[in-house]
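Colleague:
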Amino acid sequence: GRRTRFMPIYMVLDDGELDRLILPVHGTGMWSTIYGYIALESDLNTIAAVTFYEQNETPGLGDQILRPEWQAKWVGRRIYDEDGALRFAVSHGKVEPGSSIWLYQVDGLTGATVTADAVTSIIRYWFGPNGYRDFLATLRQPQEG
Numbered sequence: 002g003r004r005t006r007f008m009p010i011y012m013v014l015d016d017g018e019l020d021r022l023i024l025p026v027h028g029t030g031m032w033s034t035i036y037g038y039i040a041l042e043s044d045l046n047t048i049a050a051v052t053f054y055e056q057n058e059t060p061g062l063g064d065q066i067l068r069p070e071w072q073a074k075w076v077g078r079r080i081y082d083e084d085g086a087l088r089f090a091v092s093h094g095k096v097e098p099g100s101s102i103w104l105y106q107v108d109g110l111t112g113a114t115v116t117a118d119a120v121t122s123i124i125r126y127w128f129g130p131n132g133y134r135d136f137l138a139t140l141r142q143p144q145e146g
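Numbering-wise, the numbering used here comes out as the position in the sequence shown, counting from 1, plus 1.
1. Please look up how many angstroms separate the CB atoms of threonine 116 and methionine 31, rounded, as I've assumed it's under 8 Å.
2. Spatial neighbours of isoleucine 123 within its chain, please: C-beta separation below 6 Å, excluding the five flanking residues on both sides.
3. Helix, strand or coil, according to DSSP, for phenylalanine 53 in the structure here?
4. Please report how far the alpha carbon of tyrosine 11 lies from the alpha carbon of tyrosine 38, in whole angstroms.
5. For glutamine 106, tell me which candidate among Asp135, Leu140, Gln65 and Thr47 has the shortest Cα-Cα distance.
6. Which residue marks the beginning of the alpha helix (DSSP H) containing tyrosine 126, and which one marks its end?
7. Could you check how far apart the C-beta atoms of leucine 24 and tyrosine 126 are, in whole angstroms? I think they sit under 8 Å.
8. Rounded to whole angstroms, how far is the Cβ of valine 91 from the Cβ of valine 120, which I believe are closer than 8 Å?
9. Would you give the residue range spanned by the alpha helix (DSSP H) that aspartate 135 belongs to?
10. If you follow the beta strand (DSSP E) that glutamate 18 is part of, which residue opens it and which one closes it?
11. Within the same chain, show all residues whose beta-carbon is closer than 6 Å to that of leucine 149, passing over the 5 residues directly before and after it, in chain order.
12. Going by DSSP in three states, leucine 62 sits in which element: helix, strand or coil?
13. Cα separation between alanine 86 and phenylalanine 128?
14. Identify whether alanine 73 lies in helix, strand or coil by the three-state DSSP scheme.
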């Protein structure tokens, strides 16, 4: 399909140093386009926050992506593993704290597998080669000064 060549991003600075990077994401859900933002910590890998602000998914099921308690589960999860592979996903069940997948997955959405899979696809698209991956790699490189 088509995608825009430019996206607004938001850099939160603390004393001139990057503190957070806020990136818009969007993609196709079950019934609608889902729009949101992902905030990353200064390591450009750890999720600081997520919000989905527009969707038209099934009430009581897919619209669970709007629940603050579900979005809060994203905090501390990582997009990429230590080798740089894109690992983040919404699980198809509960993710046990301390498990080998806990760092890279959040709990699934009961009765909303299609929406959960769509959210996984959205994140993987935007943090993959057609999205922010190369931009993030550039930001991680030390700046000459």
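Backbone N, C-alpha and C fix where the C-beta goes; we use that ideal spot for every residue, glycine too. No experiment lies behind these values; they were computed from the predicted model shown.
Modeller: In terms of the structure at hand:
1. 5 Å
2. Val26 and Gly28
3. strand
4. 10 Å
5. Thr47
6. 114-127
7. Contact doesn't hold; Cβ gap of about 12 Å is too wide.
8. 5 Å
9. 134-141
10. 18-29
11. As shown, the chain starts at 2 and ends at 146. That puts residue 149 outside it, with no answer to give.
12. coil
13. 10 Å
14. helix
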